[in-house]
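For reference, each letter of the sequence shown is one residue, going 3 to 461 in my numbering.
Every residue, glycine too, gets a C-beta built ideally from N, C-alpha and C.
Quick caveat, the model's predicted, so the values are computed rather than measured.
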Amino acid sequence: MSNPMTNDQLTQWDHDHFFHPSTHLGQFARREIGNRIIKGAEGVHITDREGHTSLDAFAGLYCVNVGYGRTEIADAIAAQAHELAYFHSYAGHGSEASITLSRMVAERAPEGMNHVYFGMSGSDANETNIKLVWYYNNILGRPEKKKIIARWRGYHGSGLMTGSLTGLELFHNKFDLPLSQVVHTQAPYFYRRDDRSMDEAAFTADCVSKLEALIEREGADTIAAFIGEPVLGTGGIVPPPAGYWDAIQAVLKKHDILLIADEVVTGFGRLGTMMGSDHYGLKPDLITIAKGLTSAYAPLSGSIVSDRMWKVLEQGTDENGPLGHGWTYSAHPIGAAAGVANLKLLDSLNLVGNAGTVGAHLNNAMTQALGDHAHVGEIRGEGMLCAVELVKDRDDRVFFDAGDKTGPRVVAAMLDRGVIARAMPQGDTIGFAPPFCLTRDEADHVVSVTKDAIASVLG
Ligand code: PLP
């Protein structure tokens, strides 16, 4: 490139103009936290403009599932941009890519889920889902049945409704959220159960009885849907206790409450199965997909709709005219082309299988290396997801003081050693969600760097 920008110039503009999401704005402005300008990436590694390379053990934001630098997807995007960069998908319009992708998604979805609405982000897909749920109950003549149950520590986005569904205080405080239509129930977080005498089965029963009590209190005829991630993600990477999803689904069925499976993280292979719903036997009415749909090569999300809901949506438009819902960029051809190429690559390289086997290796190796550490409370994971929860006192599961910033300090020490992990937002949990193409050797390297970084911070 001629006349390239200097790093100093870019950094100045960054501080002067760029409003970074999920950032401490004051600290950034005062330059107490630095910036990092990423220049390129290949496989599981990213490189910044200073020339530093890091192994990205969080796949961006658990989204670059096929790994960086896939020319097959880049070429598909370029070809689509040349042929047809954009046309809308309103009123029966579409592109070869968007129609093909809807077919590919339906083939990978659980049985009886055959229609896909495409959006741009996980947040907007969940907004769509809630609107579809409300529309559905209006068409069925039950306008009171509208509340949505979400879980504490769930993450479903940061819009007005989706930020409300999210069960993390940071996303509510000072934003006047949650909205009144959302109620939260207990997180299926076995390690943090109040009563340590409970085994997994007893804790599952406790989650169920708290859900039943909430439904009783609110009135089943006011509750439309339950939304949950198959494995809690941003809330701490927490797989559910044994029997959880079967037991929860039985309650939902009894009270005629719809299930929205938020598979933004788990969809398309992260648990070692194509969908998290397959993994845990979920039979959802709606599934939210995003990240893994394109491996983040282009922004695209989706809502997969069950045949049961679809029939009612059709009936609704027969009675009321066209559905009043759509984005300019719904089913954007470039995103759709990226999605088609991405799903083909997942299959041809058996990356879902690799996520299962290397993910299991990562979890085992992490447990062997750190399971006995005095400040490691729990190591947990599923597929290519792993979490190391740090505690002040292992016997009593005591949190470190928030002001100590233990999790962020460990993650910073890891970055100094060339590995990116994520300090999850609530508590001191170090999260791992590498690209599916991670090798066993790279997994071992991630583990040894984690061990070394924890030793450097906590001894
Ligand atoms: N749902 C889940 C489970 C997520 O993890 C996320 C993002 O991390 C979202 C929804 C929101 O997606 P987006 O950030 O694309 O709006």
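Secondary structure of residue i, DSSP reduced to three states
i	result
Val210	helix
Leu103	helix
Val451	helix
Asp463	The structure shown does not extend to residue 463, since the chain spans only 3 to 461, so no value can be given for it.
Arg442	helix
Ala357	helix
Glu109	helix
Val393	coil
Phe434	strand
Thr290	strand
Thr55	strand
His158	coil
Ser305	strand
His22	coil
Met115	strand
Glu146	coil
Val240	strand
Leu387	strand
Ala425	strand
Arg419	coil
Leu12	helix
Arg382	strand
Val233	coil
Contact test: residue i Cβ vs ligand 1 heavy atom, cutoff 6 Å
i	result
Tyr191	no
Glu231	yes
Ser123	yes
Ala252	no
Ala292	yes
Asp58	no
Val266	yes
His117	no
His158	yes
Gly539	Examination of residue 539 is not possible in this model, given that the chain is present from 3 through 461 alone.
Gly304	no
Gly235	yes
heavy atom of ligand 2 below 6 Å from residue i C-beta
i	result
Glu380	Ligands displayed in this structure: ligand 1; ligand 2 is not among them.
Residue interval of the alpha helix (DSSP H) (run including residue i)
i	result
Leu162	162-167
Glu44	Looking at the DSSP string, Glu44 is not in any alpha helix (DSSP H); the run it does join, the beta strand (DSSP E), is 40-44.
Ser199	From DSSP, Ser199 is part of no alpha helix (DSSP H); its letter is neither H nor E.
Ser125	124-141
Ala263	Where Ala263 is concerned, there is no enclosing alpha helix (DSSP H), although the beta strand (DSSP E) it sits in stretches over 260-264.
Lys256	246-256
His84	73-85
Gly341	335-350
Gly405	Neither: Gly405 is in no alpha helix (DSSP H) and is coded neither H nor E.
Ala31	27-31
Expected contact under 8 Å - CB spacing of residue i and residue j to nearest Å
i	j	result
Met106	Val307	Not quite, the Cβ-Cβ distance comes to about 16 Å (not below 8 Å), so this is no contact.
Thr130	Gly121	6 Å
Asn9	Glu52	7 Å
Gly269	Ile291	4 Å
Tyr193	Gly379	7 Å
Gly169	Gly230	Going by Cβ atoms, the distance from Gly169 to Gly230 rounds to 10 Å, so no, they are not a contact pair.
Gly278	Pro243	In fact, because the Cβ distance is near 16 Å, the residues do not count as touching under 8 Å.
Ala226	Val118	Contact doesn't hold; Cβ gap of about 21 Å is too wide.
Start and end residues, beta strand (DSSP E) containing residue i
i	result
Val184	184-187
Arg310	Run containing Arg310: none in the beta strand (DSSP E); it sits in the alpha helix (DSSP H), 309-322.
Arg64	As written in the sequence, residue 64 is Tyr, which differs from the Arg given in the question. Careful: Tyr64 lies outside any beta strand (DSSP E), inside the alpha helix (DSSP H) at 61-64.
Arg153	149-153
Ala226	225-230
His281	Run containing His281: none in the beta strand (DSSP E); it sits in the alpha helix (DSSP H), 278-282.
Ile48	47-50
Inter-stretch contact (C-beta, 8 Å, three-pair minimum) for the segment 182-195 and the segment 259-279: no
The segment 440-460 touching the segment 410-419, judged by at least three CB pairs closer than 8 Å: yes
Inter-stretch contact (C-beta, 8 Å, three-pair minimum) for the segment 365-382 and the segment 396-412: yes
Contact the segment 218-234 vs the segment 198-210: 3+ CB pairs below 8 Å: no
Sufficient close CB pairs (3 or more, under 8 Å) joining the segment 423-435 to the segment 377-389: yes
Three or more C-beta pairs below 8 Å linking the segment 82-91 and the segment 354-363: no
At least three beta-carbon pairs within less than 8 Å, the segment 97-105 to the segment 361-369: no
The segment 331-349 contacting the segment 141-161, beta-carbon criterion three pairs below 8 Å: no
Inter-stretch contact (C-beta, 8 Å, three-pair minimum) for the segment 302-317 and the segment 58-76: no
The segment 26-41 / the segment 293-308 touching (three or more Cβ pairs under 8 Å): no
Any 3 or more C-beta pairs closer than 8 Å across the segment 244-259 and the segment 279-299: yes
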